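In the numbering used here, the protein residues as written are 5 to 193.
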């Protein structure tokens with residue numbers, strides 16, 4: 005069915021870029037500016053124009069297979085804005101973001117949805133990311149259902165494998181736990 009062709013397409017895309025000479029992610033001169041509007045009084049009486057806040061200004065980097073990329077910096081320096089812009093949750097003011105050779109900045113919202121299966125952000129605050137009413141198993145399986153990548157049985161099997169891979173064992177125990185039952189480090193995993 006359509007799920008099987010989607011999985012096949014996903015696997016073929018993943019295999020298309022396995023060379024160490026090609027970056028998985030290439031960010032070129034990425035900019036994210038926001039306009040700070042002046043209030044009516046400032047505009048009228050003081051002739052103050054709107055100004056631009058340069059949240060991200062000319063960021064470039066490449067990430068190759070096997071590399072790990074950590075984004076750190078002071079509070080308010082643009083880490084979250086950069087991450088959201090790379091993921092195209094907000095469109096950049098300028099620059100490009102290429103993932104597996106595809107320029108994400110040129111894709112439609114529908115096309116972006118397919119790419120989001122393969123690129124995601126790990127948030128700083130795991131408490132804010134996990135639904136407290138869903139078990140760990142449900143939370144991990146949810147994207148598989150959203151993207152129609154697995155049946156309930158397949159999803160459970162994949163979730164168990166993932167829990168094993170990240171060291172949350174015994175897996176059956178963690179599968180049925182709620183976020184409040186986990187430490188912050190366990191939640192991030």
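The C-beta atom is built at its ideal place from N, Cα and C for all residues, glycine as well.
All of these numbers come straight from a predicted model, not from anything done at the bench.
Would you call the segment 154-161 in contact with the segment 108-128, where contact means no fewer than 3 C-beta pairs closer than 8 Å?
Flag = no, the segment 154-161 and the segment 108-128 do not touch.
Can you round the beta-carbon distance between residue 63 and residue 85 to whole angstroms, since I take them to be within the 8 Å contact cut?
The Cβ separation is near 10 Å, so there is no contact.
The segment 62-79 contacting the segment 131-140, beta-carbon criterion three pairs below 8 Å:
By the Cβ rule, the segment 62-79 does not count as touching the segment 131-140, because fewer than three pairs are nearer than 8 Å.
Is there contact here, the segment 144-151 with the segment 75-95, by at least three beta-carbon pairs under 8 Å?
Proximity of the segment 144-151 to the segment 75-95 falls short of the contact definition, fewer than three beta-carbon pairs being nearer than 8 Å.
Output the boundary residues of the alpha helix (DSSP H) element that contains residue 86.
Residue 86 -> alpha helix (DSSP H) spans 83-90.
Which residues mark the beginning and the end of the beta strand (DSSP E) in which residue 38 is found?
Per DSSP, residue 38 belongs to the beta strand (DSSP E) from 29-40.
Could you check the C-alpha separation between residue 182 and residue 76 for me, to the nearest Å?
When rounded, the separation of the alpha-carbon atoms in residue 182 and residue 76 is 29 Å.
Kindly indicate which three-state DSSP category residue 149 falls into: helix, strand or coil?
Helix.
Residue 49, DSSP secondary structure in three states:
Of the three classes helix, strand and coil, the one that applies to residue 49 here is helix, per DSSP.
Segment limits, alpha helix (DSSP H) that includes residue 163:
Bounds of the alpha helix (DSSP H) holding residue 163 are 156-169.
Alpha carbon to alpha carbon, what distance is there between residue 33 and residue 143?
Their Cα atoms are separated by approximately 35 Å.
So who's on the other strand from residue 67, going by DSSP bridges?
29, per the DSSP bridge assignment.
Residue 115 to residue 88 span [Cα, whole Å]:
Their backbone Cα atoms lie some 17 Å apart in a straight line.
Tell me the DSSP bridge mates of residue 194?
Any property of residue 194 remains undetermined from this structure, which presents the chain solely from 5 to 193.
Measure the C-alpha to C-alpha separation of residue 122 and residue 39 and round it to an integer number of angstroms.
Taking the straight line joining both Cα atoms gives about 32 Å.
Could you tell me the distance, in whole angstroms, from the CA atom of residue 78 to the CA atom of residue 179?
C-alpha separation (whole angstroms): 35 Å.
Beta carbon of residue 193 nearer than 7 Å to that of residue 102
No, they are not a contact pair.
Exposed or buried, what is residue 163 when buried is set at 16 or more other beta-carbons lying within 10 Å of its beta-carbon?
Around the C-beta of residue 163, 16 or more other C-beta atoms lie within 10 Å, and the residue is accordingly described as buried.
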